[in-house]
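Participant: Residue numbers (this note's numbering): 5 to 283.
Using N, Cα and C, we set each Cβ at its ideal position, and we do this for glycine too.
Every value quoted in this text rests on a predicted model; they were computed, and no experiment measured them.
1) Are the stretch 156-172 and the stretch 119-133 touching, with three or more C-beta to C-beta distances below 8 Å?
2) Could you round the C-beta distance between residue 226 and residue 79 to whole angstroms and report it? I think they count as a contact, below 8 Å.
3) Could you tell me the alpha carbon to alpha carbon distance between residue 123 and residue 189, rounded to whole angstroms?
4) If you run the structure through DSSP and keep just helix, strand and coil, what is residue 19?
5) Identify every run of the alpha helix (DSSP H) within the stretch 188-231, keeping only runs that are complete inside it and at least 4 residues long; order them along the chain.
6) In chain order, which continuous runs of the beta strand (DSSP E) of length 3 or greater are located wholly inside the stretch 45-131?
7) Based on the DSSP output, what are the partners of residue 253 in its beta bridges?
8) Give every residue of the same chain whose Cβ lies closer than 8 Å to the Cβ of residue 102, excluding the five residues on either side of it in the sequence, and list them in chain order.
9) Restricting to Cα atoms, I'd like to know which of 175, 174, 201 and 261 is closest to residue 186.
10) By the DSSP assignment, the beta strand (DSSP E) with residue 176 in it spans what residues?
11) Quickly, what does DSSP pair residue 153 with across the bridge? List them, please.
12) Measure the alpha-carbon distance for residue 73 versus residue 84 and round it to whole angstroms.
13) Judging by CA-CA distance, which residue of 105, 104 and 82 is the nearest neighbour of residue 94?
14) Inspect the beta-carbon positions of residue 175 and residue 37 and report whether they are closer than 8 Å.
15) What are the partner residues of residue 169, as DSSP defines its beta bridges?
16) Quick check on residue 230: buried or exposed, where buried means 16 or more other Cβ atoms within 10 Å of its Cβ?
17) To the nearest angstrom, how far is it from the Cα of residue 88 to the Cα of residue 109?
18) Under a Cβ-count criterion, where at least 16 other Cβ atoms within 10 Å of its own Cβ denotes burial, should residue 208 be classed as buried or exposed?
19) Based on the DSSP secondary-structure assignment, which residues constitute the bridge partners of residue 273?
20) Using a Cβ-Cβ cut-off of 6 Å (strictly less than) and excluding sequence neighbours within five positions of residue 171, which residues of its own chain qualify?
21) Please confirm whether residue 144 and residue 156 have their CB atoms less than 8 Å apart.
22) In whole angstroms, what separates the C-alpha of residue 166 from that of residue 270?
23) What do you reckon, are the CB atoms on residue 140 and residue 91 nearer than 8 Å?
24) Identify which residue in 86, 195 and 221 has its Cα closest to the Cα of residue 34.
25) Quick one: Cα of residue 19 to Cα of residue 199, how far?
26) Is it buried or exposed for residue 194, if we count other Cβ within 10 angstroms and need 16 for buried?
27) Among residues of its own chain, excluding the 5 on either side of residue 120, which ones have a beta-carbon nearer than 8 Å to its beta-carbon?
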């Protein structure tokens with residue numbers, strides 16, 4: 005009898021659980037870690053870059069392409085944790101939805117509207133027989149003229165929510181606990197955090213939940229939704245701002261000093277702790 009609940013995505017168990025959705029969440033917990041942090045200047049997304057095999061040919065286009073970061077439209081991007089092929093399917097749907105909205109209304113798609121479209125697809129796959137849930141969680145980062153910078157997370161059940169900082173994937177419980185401790189409190193907390201501080205927080209999260217030695221530009225991939233560094237806008241120029249907010253990769257040269265500072269800070273803290281114990 006229990007196997008019926010285990011195998012059918014549309015059947016609730018007596019205690020109200022959908023086992024197939026729980027299995028999808030379990031797949032995500034084994035995926036590479038991803039972190040998103042919102043700031044007043046933009047949203048930072050970061051992901052662990054895993055080398056699956058030393059035999060992988062790094063010169064091919066598919067090897068060079070990111071398996072975690074995706075641009076959906078110029079003003080919105082995402083990072084994924086879970087089954088890559090499932091993520092590719094959902095990202096393609098998101099890109100199509102963004103372009104349909106742009107072609108219909110002649111303006112960029114609002115971020116939450118886009119997130120809700122994909123969440124509805126995910127939720128539909130938990131309702132109909134012959135389907136299985138998507139084994140992927142997604143962090144979306146974007147900007148629109150309605151709500152400014154935004155960060156959303158969605159899981160295989162189709163549930164989604166807005167966040168100021170969140171982690172998904174491996175060690176997500178420890179990472180989220182650290183984010184709760186270090187991110188400022190209050191409804192306007194994001195206004196207190198600069199883009200550089202957000203990147204430093206991301207670096208500390210990966211260092212403390214993985215390994216300090218992992219803070220290497222070759223092992224972490226970082227992107228930002230924000231204005232181009234050289235962009236200058238006139239005050240109140242909404243359309244100008246909209247045109248200058250882009251989803252872009254953070255260059256290694258910009259990340260390296262941040263990583264080095266965080267490593268020194270953590271090593272000094274560790275050395276101080278050992279000294280106190282010896283006393």
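Facilitator: This is what the structure holds:
1) yes
2) Residue 226 to residue 79, Cβ: 18 Å. No contact.
3) 28 Å
4) coil
5) 199-213
6) 46-52, 73-77 and 80-86
7) 227
8) 76, 77, 80, 112, 113 and 118
9) 201
10) Unbroken run through residue 176 is the alpha helix (DSSP H), 176-186; no beta strand (DSSP E).
11) 147
12) 7 Å
13) 82
14) yes
15) 41
16) buried
17) 31 Å
18) buried
19) The partner list for residue 273 (beta bridge, DSSP) is empty, contrary to what the question assumes.
20) 39, 179 and 180
21) yes
22) 30 Å
23) yes
24) 86
25) 44 Å
26) buried
27) 164
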